[in-house]
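For what it's worth, our numbering labels the leading residue of the sequence shown as 127, then goes sequentially.
Where a beta carbon is used, it is the ideal one built from N, C-alpha and C, also for glycine.
For reference, the structure is listed below as structure tokens.
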Amino acid sequence: MVRDRILHHISVTFFYWQIKTHDMSELNIREKSLWLFDVDNTLIYDVDHPVVFPDALRLWNALMENGKTNAVLTNVGRLSSRQIHDVLKSVGFQTERNRTFSAGGAAAAYVHNRSPRARCFLISEGGATEDFVAQGLNVTNNPPIDYVAVAADRGFTYAELNFATKMVRDGAQLICISGSFEYRGVYLGMEDVYIGERSIVAAIEHATGVSSVVIGKPLPEIFTETIAILGYKADDAVMVGDNRTSDIAGGNAAGLTTVLVKRDPNNIVQFDSQGYDDKPDLSVATLDEVITLF
Ligand SMILES: [Mg+2]
């Protein structure tokens, strides 16, 4: 009986191993030269709790040792690209400032590409504002306003929301920096679940009848433009993340190879996957499984 169980275990294990190696060789994942990583719940618990996932750091370092290019693409908008880079660097990831892309940075690039002198009103905890200023945009609190851009902000006032609404009614374009409905975090020392930017923007949309442009994963252009800036093609790139609705749906839509890592299910932020296919090319319990390919 015991012998039968062991043989059964071996045959099942071998069968599973065959499936995995077949899938992995088909993906040709070790040939990929650009590796994009999500931040929250993938590299670290989240930017308010920057606790490293050791398997993520091991994969990051293994990729570097294999001559790959690592970059970061996060939906966080309440911190700037620089701040996100600083957080990751402080916990051991060898990151490059110019390979760190936040939703705020992407939104700033979006506005700059359309109107480099645009007057922008931001609701933001400061992070997205820093990205807009760094992009050379005119961030202001007075009319006329060309763009109203809203990131997660846990301290905005009624007066700011009302001003933003009036500016959109007067013709300003409305941008939602990333698209979380709610998220877990720490603000003024208080651990809680907070209303996300998508929900704040919904109030402006409701009042004006104007729809926003949501800039953040899973928008495929975010992936395409990030990859182009780094000098690669979609076919060269892998997206590694914990979130089907943002990382995987957007990565698939943009033609990347997608890797889903199973993390704390209570720490997964919900986005609108826009109907894109959210099935990953590879699903792993730990990123150490990816290291074994090198
Ligand atoms: Mg995440």
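| Item | Value |
| --- | --- |
| For the beta strand (DSSP E) that residue 180 lies in, which residues bound it at each end? | Not the beta strand (DSSP E): residue 180 falls in the alpha helix (DSSP H), residues 180 to 191. |
| Could you tell me which uninterrupted alpha helix (DSSP H) segments, each at least 4 residues in length, are contained entirely in the segment 327 to 414, listed from first to last along the chain? | 346 to 355 and 375 to 379 |
| Excluding sequence positions up to five away, which residues of its chain have a Cβ less than 7 Å from the Cβ of residue 416? | 185, 385 and 410 |
| Do you know offhand how far residue 391's Cα is from residue 400's? | 21 Å |
| Decide yes or no for the touch test of the segment 198 to 212 against the segment 334 to 343: beta carbon pairs closer than 8 Å, at least 3 of them. | yes |
| Could you work out which residue in 420, 418, 412 and 419 is closest to residue 167 when comparing CA atoms only? | 412 |
| For residue 209 and residue 281, which I take to be in contact (beta-carbon distance under 8 Å), what is that distance rounded to the nearest angstrom? | Incorrect: roughly 16 Å between the Cβ atoms, too far for contact. |
| If you draw a straight line from the alpha carbon of residue 326 to that of residue 276, how long is it in whole angstroms? | 8 Å |
| Given a threshold of 16 other Cβ atoms within 10 Å of its Cβ, counted over all protein chains shown, does residue 309 qualify as buried or as exposed? | buried |
| If you draw a straight line from the alpha carbon of residue 379 to that of residue 302, how long is it in whole angstroms? | 20 Å |
| Is the number of C-beta pairs between the segment 353 to 366 and the segment 239 to 256 that are closer than 8 Å three or more? | no |
| Does residue 232 come out as helix, strand or coil in the three-state DSSP assignment? | helix |
| Check whether the Cβ of residue 392 lies closer than 7 Å to any heavy atom of ligand 1, and answer yes or no. | no |
| Within a Cβ cutoff of 7 Å, which residues of the same chain sit near residue 334, ignoring the five residues on either side of it in sequence? | 291, 294 and 295 |
| Would a C-beta distance cut-off of 8 Å place residue 324 and residue 337 closer than the cut-off? | no |
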